[in-house]
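Asks: Protein chains in written order, with this note's numbering: chain R, 1 to 202; chain X, 203 to 404.
Yeah, the Cβ is synthetic: ideal placement off N, Cα and C, and Gly gets one too.
Dumping the structure here so I can ask a few things about it.
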DNA sequence: TGTTTGACTAATTCTTTTAAATATTCAATG
DNA sequence: CATTGAATATTTAAAAGAATTAGTCAAACA
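Listed below in structure tokens is the structure:
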């Protein structure tokens, strides 16, 4: 029956997610994913055209999970600063949990497949829109004064993402100090965002 | 005489600078640098212990040039925002002029020699101190309210540097659109810095 | 007809080897 | 002390081959 097929697709996604998140894209083989489920390798190719598509699907899957999570947490929040803080916390939570999954995305900057590029861009645009929406709320309530929402949101997003990049870049050496590093980055992001938002205040 | 020796050292630095800035560290050979000056290769090793040291010396040389330049331009400026704008403009000017020189610095994040690391850290700390000083001026004049100068300056610095990184990362594809890209980054940096400074205003 | 598989092929990565380019040293010279 | 040509040591590049892994397909199955 059809439901079984969908369930299997999900099972593959989950299994691949575990592998990718733990070992990264290149250190995970299709055979391993299949074995974890006692499926044949060929079956993976029945559900996904190739490894890259599977990876993209997993990434998309996790990103959606994260988006829903954030949307949930954000619902009751009216205050601009609080909203941004929550987003930052959630995001860092996911980056920590699925580090190797995103790591490929960051480092592959070159030769990203078209599909992967789409997933990344799409995610970026959703984040962008979310911040735009938060800023607009702040504008409506009279809390903020923003002349160009699109641009201002992009500035904030770039600053925050860049901050993460630059620190991770600096600390490529110490492989497994990650936990504390991530917390430090998060703290910086929060402080920086607070100042930024204050800079938009009426 | 001694002066001649120093002059030769400078000549080597200048020649190396030209090569490194144009072709990058790895695509420049000691032989080429020597040939440009009609020196023997061995002479370079009389003045510099190895290629890496020469590269570091060149980087240091350019950074100092830039620092003096910035210091000069900054002298008559009292206004915080104006000061940061000038720094950003100058910095981008140098990055554009010596792109390949810095590029190695950015991309080599891994396996940077200890010496190179020192030069980079040192430059970073000087930038940091400069921003601290600018913020303190703003604090004294009553323009700004900053509770932790060190940290606030670092936040601004990281945001600005990160912004550059993230955009360059995004656009690794289009090799020679640099000119416009750099201008776009500069514009973003300026706008972002303005908001940040406003966020510190009394 | 839609799913599943084992066995097969193709592509990619990893190793090893060798050759070439380049960095680095050094004894000798003015 | 400054300088060099020639020699050596290291690093990179290319080629070849082996091994791993991605991806295909005809046949089986339900």
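Can you list the residues of chain R that residue 397 of chain X reaches, using a CB-CB cut of under 8 angstroms?
Replies: Those are 152, 155, 196, 199, 200, listed as they occur along chain R.
Asks: Please state the DSSP three-state secondary structure of residue 346 of chain X.
Replies: Strand.
Asks: State the start and end residues of the unbroken alpha helix (DSSP H) segment that holds residue 183 of chain R.
Replies: Its alpha helix (DSSP H) spans residues 178-198.
Asks: Please confirm if residue 58 of chain R has its CB atom under 9 angstroms from at least one CB of chain X.
Replies: No, residue 58 of chain R lies away from the interface with chain X (no Cβ there is under 9 angstroms from its Cβ).
Asks: For chain X, is any of its Cβ atoms less than 9 angstroms away from the one on residue 65 of chain R?
Replies: No, because no Cβ of chain X sits closer than 9 angstroms to the Cβ of residue 65 of chain R.
Asks: What does the alpha-carbon distance come out to for the pair residue 327 of chain X and residue 319 of chain X?
Replies: Taking the straight line joining both Cα atoms gives about 12 angstroms.
Asks: If contact is defined by three or more beta carbon pairs under 8 angstroms, each pair taking one atom from either stretch, is the segment 185-197 of chain R in contact with the segment 347-359 of chain X?
Replies: Verdict: yes, contact present.
Asks: Just to make sure I have the definition right: I need the residues of chain R whose C-beta is within less than 8 angstroms of the C-beta of residue 368 of chain X. Which are they?
Replies: Those within 8 angstroms of residue 368 of chain X in chain R are 158, 161, 162, 165.
Asks: Take the Cβ of residue 285 of chain X as the centre, count every other Cβ of all protein chains shown within 10 Å, and call the residue buried at 16 or more, exposed below.
Replies: Answer is buried; the Cβ neighbour count reaches 16.
Asks: Evaluate the contact criterion for the segment 229-238 of chain X versus the segment 261-268 of chain X: three or more CB pairs, one atom per stretch, below 8 angstroms.
Replies: The segment 229-238 of chain X is not in contact with the segment 261-268 of chain X.
Asks: Take the Cβ of residue 28 of chain R as the centre, count every other Cβ of all protein chains shown within 10 Å, and call the residue buried at 16 or more, exposed below.
Replies: By the 10 Å Cβ count, residue 28 of chain R comes out buried.
Asks: Just curious, the alpha helix (DSSP H) that residue 244 of chain X is in, first and last residue?
Replies: Run containing residue 244 of chain X: 243-249, per the alpha helix (DSSP H) assignment.
Asks: Going along chain X in order, which residues have a C-beta closer than 8 angstroms to the C-beta of residue 92 of chain R?
Replies: Per Cβ cutoff of 8 angstroms: no residues; residue 92 of chain R is ~15 angstroms from chain X at best.
Asks: Going by beta carbon distance, what residues of the same chain come within less than 7 angstroms of residue 298 of chain X, once the five residues before and after it are set aside?
Replies: The answer, listed in chain order, is 384.
Asks: Is there contact between the segment 358-371 of chain X and the segment 127-139 of chain R, where contact requires at least three CB pairs shorter than 8 angstroms?
Replies: With the cut-off at 8 angstroms, the segment 358-371 of chain X and the segment 127-139 of chain R do not touch.
Asks: Taking the alpha-carbon of residue 120 of chain R as reference, which of R:74, R:131, R:106, R:54 has the nearest alpha-carbon?
Replies: Ranking R:74, R:131, R:106, R:54 by Cα distance to residue 120 of chain R puts R:106 first.
Asks: What are the boundary residues of the alpha helix (DSSP H) that residue 96 of chain R is part of?
Replies: Residues 80-97.
Asks: Is the separation between the beta-carbon of residue 195 of chain R and that of residue 357 of chain X shorter than 9 angstroms?
Replies: Yes, the pair counts as a contact, with Cβ atoms nearer than the cut-off.
Asks: Strictly under 9 angstroms for the Cβ-Cβ distance: is residue 338 of chain X near chain R by that measure?
Replies: Residue 338 of chain X does not count as touching chain R.
Asks: Counting contacts by CB-CB distance shorter than 9 angstroms, is residue 25 of chain R in contact with chain X?
Replies: No, residue 25 of chain R lies away from the interface with chain X (no Cβ there is under 9 angstroms from its Cβ).
Asks: So the candidates are X:243, X:262, X:273, X:304; which of them puts its Cα closest to the Cα of residue 363 of chain X?
Replies: Per the Cα distances, X:304.
Asks: Rounded to whole angstroms, what's the CA-CA distance from residue 361 of chain X to residue 42 of chain R? Just pull it up for me.
Replies: If I take the Cα positions, the gap works out to 47 angstroms.
Asks: Thinking C-beta only, is residue 253 of chain X closer than 9 angstroms to residue 275 of chain X?
Replies: In this structure, residue 253 of chain X does not lie closer than 9 angstroms to residue 275 of chain X by Cβ.
Asks: Counting only C-beta atoms, is residue 191 of chain R closer than 9 angstroms to chain X at any point?
Replies: It does: the Cβ of residue 191 of chain R has a partner Cβ on chain X nearer than 9 angstroms.
Asks: Below 8 angstroms CB to CB, which residues in the same chain sit around residue 139 of chain R once its five sequence neighbours on both sides are set aside?
Replies: For residue 139 of chain R, where only same-chain residues beyond five positions count, the Cβ hits under 8 angstroms are 145, 146, 149.
Asks: Name the chain R residues whose beta carbon is nearer than 8 angstroms to that of residue 232 of chain X?
Replies: By Cβ distance, chain R contributes nothing, its closest Cβ being about 28 angstroms from residue 232 of chain X, past 8 angstroms.
Asks: Let me check understanding here. Comparing Cα to Cα, which of R:19, R:20, R:81 lies closest to residue 199 of chain R?
Replies: Nearest C-alpha to residue 199 of chain R: R:81.
Asks: Among R:9, R:54, R:187, whose alpha-carbon lies nearest the alpha-carbon of residue 20 of chain R?
Replies: The shortest C-alpha separation from residue 20 of chain R is found at R:54.
Asks: Just checking: is the beta-carbon of residue 287 of chain X within a distance shorter than 9 angstroms of some beta-carbon in chain R?
Replies: With 9 angstroms as the cut-off, residue 287 of chain X does not count as an interface residue toward chain R.
Asks: Taking the C-alpha atoms as reference points, what is the distance between residue 228 of chain X and residue 388 of chain X?
Replies: If I take the Cα positions, the gap works out to 28 angstroms.
Asks: Taking the beta carbon of residue 424 of chain X as the centre, do at least 16 other beta carbons fall within 10 Å, making it buried, or is it exposed?
Replies: Nothing about residue 424 of chain X can be read from this structure; chain X reaches only from 203 to 404.
Asks: So if DSSP puts residue 201 of chain R in a beta bridge, which residue, or which two residues, is it bridged to?
Replies: Answer by DSSP bridge pairing, in chain order: R:144.
Asks: For residue 261 of chain X and residue 212 of chain X, what's the separation of their Cα atoms in angstroms?
Replies: Residue 261 of chain X and residue 212 of chain X: Cα-Cα distance of roughly 13 angstroms.
Asks: Using the rule of at least 16 other Cβ atoms within 10 Å of the residue's Cβ for burial, across every protein chain shown, is residue 331 of chain X buried or exposed?
Replies: So residue 331 of chain X ends up on the exposed side.
Asks: Quick one: residues in its chain with C-beta nearer than 6 angstroms to the C-beta of residue 48 of chain R, no 5 flanking neighbours on either side, listed in chain order?
Replies: The answer, listed in chain order, is 54.
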